[in-house]
Amino acid sequence: MVCLGNICRSPLAEGILAHKTKHLNLKVDSAGTAGYHIGKFPDSRSIEIANKYNIDLSNQRARQFSRADFDEFDIIYAMDTNNYAHLISLASNDEERNKIRMILNEINPNSCDSVPDPYYGGANGFQDIYTMLEKACNKIVQNIE
Ligand code: 4NP
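Count along the sequence shown from 1, add 2, and you get the number used in the working numbering.
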């Protein structure tokens, strides 16, 4: 799960997918394309909305996406079109490029809709992105199962 800062959207996406796939042998992780927040806890508003749904983000710390992630993971979900373009620019071959997807395309195929960046918005933004990510993660789990 990849966003810009790895403190708002992608930690929540990681938490939701990890929560829904506890019964599967999956490695779920998240990262930011930028390095501004490396080592920080998720944003308190992401922690709060996750807690409301019994999802614990407390073990997460922000990190920056690295090229090694293309080897480590089968699917790389971008939260928005900027993250997607950044990831594509880091990929060095078709195998890597083919791993990168827009997460909301799971629920709206080919739409290339972005999960809005809630960083500068109010608390409602976090409820909205939770709802979107939860739907997308349900689809991801269905596909895997
Ligand atoms: P995220 O949100 O990409 O969902 O983690 C942001 C967090 C921090 C900043 C931007 C977006 N920032 O500019 O510091």
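We put the CB at the ideal spot given by N, CA and C, even for glycine.
CB Ala64 to CB Ile40, shorter than 8 Å?
Closer than 8 Å, so yes.
Indicate the three-state DSSP secondary structure (helix, strand or coil) for Val117 in the structure shown.
Coil, per DSSP.
What span of residues does the alpha helix (DSSP H) with Met134 cover, start to end?
Run containing Met134: 125-146, per the alpha helix (DSSP H) assignment.
Going by the beta-carbon positions, is the gap between Ile77 and Arg103 smaller than 8 Å?
Yes, they are a contact pair.
So, Cys85 versus Thr133, is the Cβ gap smaller than 8 Å?
One point to set straight first is that residue 85 is Asn, not Cys, in the sequence displayed. A distance of 8 Å or more separates the beta carbons of Asn85 and Thr133.
For Gly7, the nearest candidate out of Gly17, Pro44, Ile131 (CA to CA)
Among Gly17, Pro44, Ile131, the Cα nearest to that of Gly7 belongs to Pro44.
Would you tell me roughly how many angstroms separate the C-alpha atoms of Ala15 and Glu136, rounded to the nearest one?
Going by the C-alpha atoms only, they are around 8 Å apart.
List the endpoints of the continuous beta strand (DSSP E) containing Tyr86.
No beta strand (DSSP E) holds Tyr86; the alpha helix (DSSP H) holding it covers 83-92.
Pop quiz: Gly17 and Ala70 are said to be a contact at Cβ under 8 Å. What is the actual Cβ separation, rounded to whole angstroms?
That pair is no contact at about 22 Å.
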